[in-house]
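Everything on this sheet refers to the single structure shown next.
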Amino acid sequence: MKWKSRKPNGFNKSNILTESHDDWLRKYIKLLNTAISSWSGFVYQGKVAIYHVLLELDKSNYTLQLDSLDDFAIIDANNHIVSLHQVKAKKDTHFSSYKEDFEKLQSGGNTISCNNLFFHLAKAISDKNIEDIEADFNPIEVYKYDSIPYCEVNLIDTKIEELIISTQPRGRDNRDYASLVRKYLDNLITEKLFEIHRIIHLNLLSDEDAAFIQRIPFQDFLDILNEDLNLRTISNEYYLYQIKNDICRYYQEYCIENEPMNDELTRMNDFMLFFESLQKKDLIKFIKNIMPHRTFKFESLSDYKDNSPQQTEIKDVFIYILHQIEKKPLYLNRCLLQWKNDSKSFSPTCIIGNPRNTEKICDQIINNALSTDLDLLFENQNLITDSITVESMTASHIVRNNYQDDDKEYKHIMKWNEISLVCIDDAKGELND
């Protein structure tokens with residue numbers, strides 16, 4: 136796709152703020168966020184934005200702005216800022232963990248003369264009541280979900296679907312259809328964030344400009360709600376965003392649960408930037424390479440429904456590996472991650488299982504590789520797993536017992552690198568020095 140250097144939605148910052156662009160940027164640079172800096176929380180932020188938009192759909196001429204003035208903002212047809220929204224999905228329930236964020240939102244509202252300031256919580260604050268917080272940080276309002284001043288990460292989809300059901304005619308007012316609509320709304324958010332990243336990557340606009348100018352009209356949400364999606368042919372693009380949404384969601388959950396340090400988060404965010412840039416062909420190869428042990432048919436993205444990476448595999452193994460290995464990986468052929476240590480190479484996988492199933496897992500990898508030509512078996516020596524260790528997969532009794540020297544398949548196997556399975560603890564010992 137060739138991008139044109141233009142303001143995509145026709146908005147101009149000078150229409151919103153009277154200062155010249157350079158003066159505006161100097162004045163508000165501390166207020167601006169960018170989508171790039173917030174990968175660990177953007178999934179929940181996007182869902183909270185969807186929930187809020189669904190409550191404001193009578194304002195069809197409004198637009199949603201993501202990760203610019205704040206986590207999200209609502210702007211009206213006259214380019215006036217209607218509201219600013221700060222979204223925090225943290226494990227901590229003590230107010231001290233949020234105090235600086237409340238101060239930032241209050242200051243941001245003062246900076247742009249906006250009094251409609253909303254703070255969204257994923258956990259209840261345990262040591263200070265909401266009334267006192269709102270009094271101390273007036274005019275901030277802690278956002279209520281059916282009168283409850285927080286919405287847990289694992290409940291936001293249900294809240295969204297309940298609102299969707301209330302908008303649908305008879306025959307479409309059910310949970311299954313609402314789930315389908317929600318996924319299309321999720322994709323709307325994801326697509327816009329990825330679009331911002333592409334514009335930044337091509338240097339067409341700065342981080343701040345891209346996030347500020349790229350917006351989603353409320354009408355786009357209305358169009359999805361009003362369409363009978365049962366009549367729509369689900370495209371590969373739909374599954375492309377579903378894969379990305381799922382893995383980004385697992386990443387967010389991991390970061391909330393484990394709270395990586397800033398340098399660790401920066402390294403992991405680099406992977407997310409790489410991952411979101413993958414197009415169909417490379418994305419399918421990437422999934423194959425991190426799931427070499429899984430029996431799957433993955434020749435099209437529609438197969439994702441039946442062969443999707445499981446949450447435990449991605450979150451507790453693959454993302455855990457990215458977190459625990461302190462070096463930045465190399466990105467090979469846009470579909471393979473690799474670390475080097477002297478003459479050895481290592482790649483992360485989703486392989487998890489009891490050591491007693493080692494033989495079965497090796498057999499699955501070999502069978503998958505024979506039918507799909509997994510890139511990582513030609514590029515790697517060591518596949519990092521959760522807890523399974525195999526010194527040499529190609530020299531194992533599985534190969535000796537199942538394949539003859541003159542077999543075509545045996546000759547193919549012998550073209551692979553000497554493949555070992557290495558548990559994460561051993562890999563850390565070799566790579567983190």
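Take the sequence shown: its position 126, counting from 1, is numbered 261 in this note's numbering, and each next residue is one higher. C-beta: ideal position from N, C-alpha, C; glycine also. Quick caveat: nothing in here was measured; it's all calculated off a predicted structure.
Answer with buried or exposed for residue i, where buried requires no fewer than 16 other C-beta atoms within 10 angstroms of its C-beta.
| i | result |
| --- | --- |
| N273 | exposed |
| M396 | exposed |
| L240 | buried |
| S506 | exposed |
| I291 | buried |
| A212 | exposed |
| T484 | buried |
| K165 | Bear in mind that a pLDDT of 46 at K165, under 50, signals an unreliable position, so the model cannot answer this. |
| K495 | exposed |
| K279 | exposed |
| A504 | buried |
| G564 | exposed |
| H229 | exposed |
| H156 | Its pLDDT being 45, under 50, H156 is placed unreliably in this model, and the coordinates cannot settle the point. |
| I456 | buried |
| I283 | exposed |
| D521 | buried |
| N492 | exposed |
| T325 | buried |
Helix, strand or coil for residue i, going by three-state DSSP, please let me know.
| i | result |
| --- | --- |
| R310 | helix |
| F207 | strand |
| T401 | helix |
| T325 | helix |
| S140 | With a pLDDT of only 29 at S140, under the threshold of 50, the placement of this residue in the model should not be trusted, and no figure is reported. |
| P490 | helix |
| Y285 | coil |
| Y466 | strand |
| R305 | coil |
| K367 | This sequence places Arg at residue 367; Lys is not what is there. The answer is coil: DSSP assigns R367 none of H, G, I, E or B. |
| K216 | A small fix is needed here, since residue 216 is Ile in this sequence, not Lys. If DSSP states are grouped into helix, strand and coil, I216 belongs with the strands. |
| I351 | strand |
| L566 | helix |
| Q445 | coil |
| Q200 | strand |
| L413 | coil |
| Y386 | helix |
| H458 | helix |
Name the DSSP beta bridge partners of residue i, please?
| i | result |
| --- | --- |
| K479 | N476 |
| C558 | T520 |
| V277 | F254 |
| V222 | H255 |
| Q377 | Answer by DSSP bridge pairing: none, since Q377 is not bridged. |
| V188 | None, per the DSSP bridge assignment. |
| L471 | L467 |
| V525 | L556 |
By alpha-carbon positions, which one of the options ends up nearest to residue i?
| i | options | result |
| --- | --- | --- |
| E411 | D398, K379 and I496 | K379 |
| K450 | P483, R469, R491 and Y385 | Y385 |
| I523 | I391, R367, N250 and I486 | I486 |
| E238 | S248, I275 and N250 | I275 |
| L192 | F254, H229, I299 and N245 | I299 |
| C558 | L366, G488 and N250 | G488 |
| D308 | S480, N250, N361 and I500 | N361 |
| C286 | A259, V188 and H428 | A259 |
| N517 | N492, S478, R491 and P490 | S478 |
| A208 | G181, Y233, K225 and K226 | G181 |
| K225 | N393, I324 and P304 | N393 |
| N289 | G244, V183 and D262 | V183 |
Does any C-beta atom of chain C lie closer than 8 Å to the C-beta of residue i?
| i | result |
| --- | --- |
| E326 | The chain labelled as chain C is not found in the depicted structure, where only one protein chain is given. |
Can you find the residues in the same chain that come closer than 6 Å, C-beta to C-beta, to residue i, ignoring five residues on each side of it along the sequence?
| i | result |
| --- | --- |
| I185 | I295 and L320 |
| T198 | I210, R350 and P352 |
| V178 | C383, R384 and Q387 |
| I465 | Note that residue 465 is Leu in the sequence shown, not Ile. So the qualifying residues of the chain are Q473. |
| Y163 | Per-residue confidence for Y163 stands at a pLDDT of 44, beneath the threshold of 50, marking its modelled position as unreliable; the derived number appears in the next sentence. Same-chain partners within the cutoff: there are none. |
| L315 | L364 |
| H428 | I486, I496, Q499 and I500 |
| S172 | Its pLDDT being 44, under 50, S172 is placed unreliably in this model, and the value from its coordinates should be taken loosely. Answer for S172: no residue qualifies. |
Which same chain residues end up closer than 7 Å to residue i when comparing Cβ atoms and leaving out the 5 residues on each side of it in sequence?
| i | result |
| --- | --- |
| S195 | F353, Q354 and L357 |
| E526 | S555 |
| K327 | L201, Q349 and I351 |
| I329 | Checking the sequence shown, residue 329 turns out to be Phe, not Ile. Same-chain partners within the cutoff: E411. |
| C470 | D417, K420, F421, N424 and D510 |
| I519 | I456, F481, S482, P483, T484, V557, I559 and A562 |
Could you name the residues of the same chain whose beta carbon sits closer than 8 Å to that of residue i, not counting the 5 residues immediately before and after it, in chain order?
| i | result |
| --- | --- |
| L566 | I460, E461, K462, W474, N476 and F481 |
| R317 | I185, D292, I295, E296 and I299 |
| R305 | none |
Would you say the beta carbon of residue i comes nearer than 7 Å to a heavy atom of the ligand SAM?
| i | result |
| --- | --- |
| I391 | With respect to the ligand SAM, the structure offers nothing, as it holds no ligand at all. |
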